[in-house]
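Residue 72 in this note's numbering sits at position 63 of the sequence shown, with consecutive numbering throughout. Just so you know, even glycine gets a beta-carbon here, dropped at the ideal spot from N, CA and C.
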Amino acid sequence: MVMDLLGELEERQKRILQRIAELERSLLPHQFSGLAISSHPVSDNVCDGESTESRLSVILKAGGLREFLFRRVPSDYYDKPLEYRRDCLGASSIDHLCKSIVMVNTQAHASVTDCSDRNNSKYYVVVIQYTARLNAENVKNFLYSLNNGNIPKKRFNMRLAPEEESAKLTGYEHNGVTCIGMNTDIPVILDEAITKLDPDFFWLGGGEVDLKLGIHTSEFINFTKPFVVNCSSN
Numbered sequence: 010m011v012m013d014l015l016g017e018l019e020e021r022q023k024r025i026l027q028r029i030a031e032l033e034r035s036l037l038p039h040q041f042s043g044l045a046i047s048s049h050p051v052s053d054n055v056c057d058g059e060s061t062e063s064r065l066s067v068i069l070k071a072g073g074l075r076e077f078l079f080r081r082v083p084s085d086y087y088d089k090p091l092e093y094r095r096d097c098l099g100a101s102s103i104d105h106l107c108k109s110i111v112m113v114n115t116q117a118h119a120s121v122t123d124c125s126d127r128n129n130s131k132y133y134v135v136v137i138q139y140t141a142r143l144n145a146e147n148v149k150n151f152l153y154s155l156n157n158g159n160i161p162k163k164r165f166n167m168r169l170a171p172e173e174e175s176a177k178l179t180g181y182e183h184n185g186v187t188c189i190g191m192n193t194d195i196p197v198i199l200d201e202a203i204t205k206l207d208p209d210f211f212w213l214g215g216g217e218v219d220l221k222l223g224i225h226t227s228e229f230i231n232f233t234k235p236f237v238v239n240c241s242s243n
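Take a look at the structure:
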């Protein structure tokens with residue numbers, strides 16, 4: 010009996026969150042044009058007088074972005090299926106749920122130690138859908154072509170960066186990584202499939218495990234200047 014009631018309450022909460030998200034998105038291009046909309050007060054998670062949400066909002070606005078959303082999710086968000094996460098965020102589909110992965114070139118020449126050369130960087134942040142599978146070989150081939158074959162293909166071997174290394178480079182922990190406001194200016198690779206989403210508004214990490222950022226694909230591209238690469242398979 011108790012479990013039935015808890016299940017019913019959970020479903021009701023999901024419907025309410027989804028309805029709120031739908032209302033926010035419907036208002037985004039109209040009443041709130043020119044504003045960053047947040048589903049929670051800025052004071053939710055303040056550190057040193059400034060929350061992650063407010064800090065990233067300032068960065069995005071300074072870059073000319075106006076239509077983006079921040080949303081806090083339940084603590085069990087990552088224990089739930091993609092359909093649940095979609096409903097929490099009010100995303101258009103599970104394909105609109107994306108993540109940022111820090112990759113390291115383990116075979117880079119000894120002289121390549123940082124991200125100063127975006128065409129031949131030691132690290133890249135790859136943004137990909139949760140419903141897709143990363144194809145590291147495609148990333149390798151892209152980087153080889155990007156450098157016009159001047160760097161031997163054996164010098165490209167893209168692997169997931171260790172969590173500690175990722176956290177140091179980005180300033181964000183696992184499941185909270187975002188391309189906005191990173192400690193290091195790491196070049197971004199955006200999976201081509203994301204550019205084909207309809208509508209062109211997707212969700213990714215927002216700087217904290219329970220904070221997510223919704224943004225238009227076109228604005229994300231204008232802001233992060235990513236390499237758009239076919240680097241996934243479903």
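task: Would you mind stating whether L199 and V237 have Cβ atoms separated by less than 7 Å?
output: For the purposes of this step, residue 199 is taken as the residue at position 190 of the sequence shown. For the purposes of this step, residue 237 is taken as the residue at position 228 of the sequence shown. Going by C-beta atoms, L199 is nearer than 7 Å to V237.
- prompt: Are there three or more Cβ pairs, one per stretch, closer than 8 Å when the segment 221 to 229 is compared with the segment 156 to 173?
  reply: no
message: Please list the terminal residues of the continuous alpha helix (DSSP H) segment that includes D96.
response: Here the question's residue 96 lines up with position 87 in the sequence shown. Taken as a continuous stretch (DSSP letters only), the alpha helix (DSSP H) holding D96 covers L91 to L98.
message: For D209, list the residues DSSP reports as bridge partners.
response: Counting from one through the sequence shown, the residue named residue 209 turns up at place 200. Bridge partners of D209: none, in fact.
field: Whole-Å CB distance - L98 paired with C240, under 8 Å assumed
entry: Position 89 of the sequence shown, counted from the first residue, corresponds to residue 98. Position 231 of the sequence shown, counted from the first residue, corresponds to residue 240. L98 to C240, Cβ: 24 Å. No contact.
query: Nearest-angstrom Cα distance between L91 and K70?
result: As a position in the sequence shown, residue 91 is number 82, starting the count at 1. As a position in the sequence shown, residue 70 is number 61, starting the count at 1. Near 30 Å, if we compare the C-alpha coordinates of K70 and L91.
query: Is the segment 160 to 170 touching the segment 182 to 197, taking contact as three or more C-beta pairs under 8 Å?
result: no
message: If you follow the alpha helix (DSSP H) that Y87 is in, where does it begin and where does it stop?
response: Numbered from its first residue, the sequence shown carries residue 87 at position 78. Element bounds for Y87: n/a, residue is neither H nor E.
message: Please give me, in chain order, every unbroken run of the alpha helix (DSSP H) with length at least 4 that falls completely inside the segment 124 to 161.
response: 145 to 155
- request: Evaluate the contact criterion for the segment 107 to 127 versus the segment 68 to 84: three or more CB pairs, one atom per stretch, below 8 Å.
  value: no
message: Please determine whether the Cβ atom of V134 lies at a distance below 6 Å from any heavy atom of the ligand GTP.
response: For the ligand GTP, the structure offers nothing, since it holds no ligand at all.
query: What does a CB cutoff of less than 6 Å around Y133 pick up in its chain, not counting 5 residues either side in sequence?
result: For the purposes of this step, residue 133 is taken as the residue at position 124 of the sequence shown. For Y133, where only same-chain residues beyond five positions count, the Cβ hits under 6 Å are M112, P196 and I198.
- prompt: Are there 16 or more other CB atoms within 10 angstroms of the CB of A170, so buried, or fewer, so exposed?
  reply: Mapped onto the sequence shown, residue 170 falls at position 161. That one is buried.
query: Mind checking whether I230 and I68 have CB atoms under 7 Å apart?
result: If you number the sequence shown from 1, residue 230 lands on position 221. If you number the sequence shown from 1, residue 68 lands on position 59. Going by C-beta atoms, I230 is not nearer than 7 Å to I68.
message: Please state the DSSP three-state secondary structure of E76.
response: Counting from 1 along the sequence shown, the entry for residue 76 is found at position 67. Three-state DSSP puts E76 in coil, outside helix and strand.
field: Beta-carbon proximity of H107 to L213, cut-off 7 Å
entry: Here residue 107 is taken as the residue at index 98 of the sequence shown, counted from 1. Here residue 213 is taken as the residue at index 204 of the sequence shown, counted from 1. The sequence shown places Cys at residue 107, not His. Going by C-beta atoms, C107 is nearer than 7 Å to L213.
message: Relative to the C-alpha of D126, which candidate in E172, L152 and N184 has its C-alpha closest?
response: Reading the sequence shown from its first residue, position 117 is the one you call residue 126. That would be L152, whose Cα lies nearest to the Cα of D126.
message: Quick check: what's the CA-CA separation for D209 versus A100?
response: Your numbering for residue 209 matches position 200 in the sequence shown. Your numbering for residue 100 matches position 91 in the sequence shown. So the two alpha carbons sit approximately 11 Å from each other.
task: Kindly identify the DSSP beta-bridge partner or partners of R168.
output: In the sequence shown, counting from the first residue as 1, residue 168 sits at position 159. R168 is bridged to V113.
message: Less than 7 Å between the beta carbons of V186 and S109, yes or no?
response: For this step, residue 186 is matched to residue 177 along the sequence shown. For this step, residue 109 is matched to residue 100 along the sequence shown. Yes, Cβ-Cβ distance for V186 and S109 is below 7 Å.
query: Would K177 be called buried (16 or more neighbouring beta carbons within 10 Å of its own) or exposed?
result: Working through the sequence shown from its first residue, we reach residue 177 at position 168. It counts as exposed.
message: Applying the 10 Å Cβ sphere with the 16-neighbour rule, what's the burial state of H183?
response: As a position in the sequence shown, residue 183 is number 174, starting the count at 1. Exposed, because fewer than 16 other Cβ atoms sit within 10 Å of the Cβ of H183.
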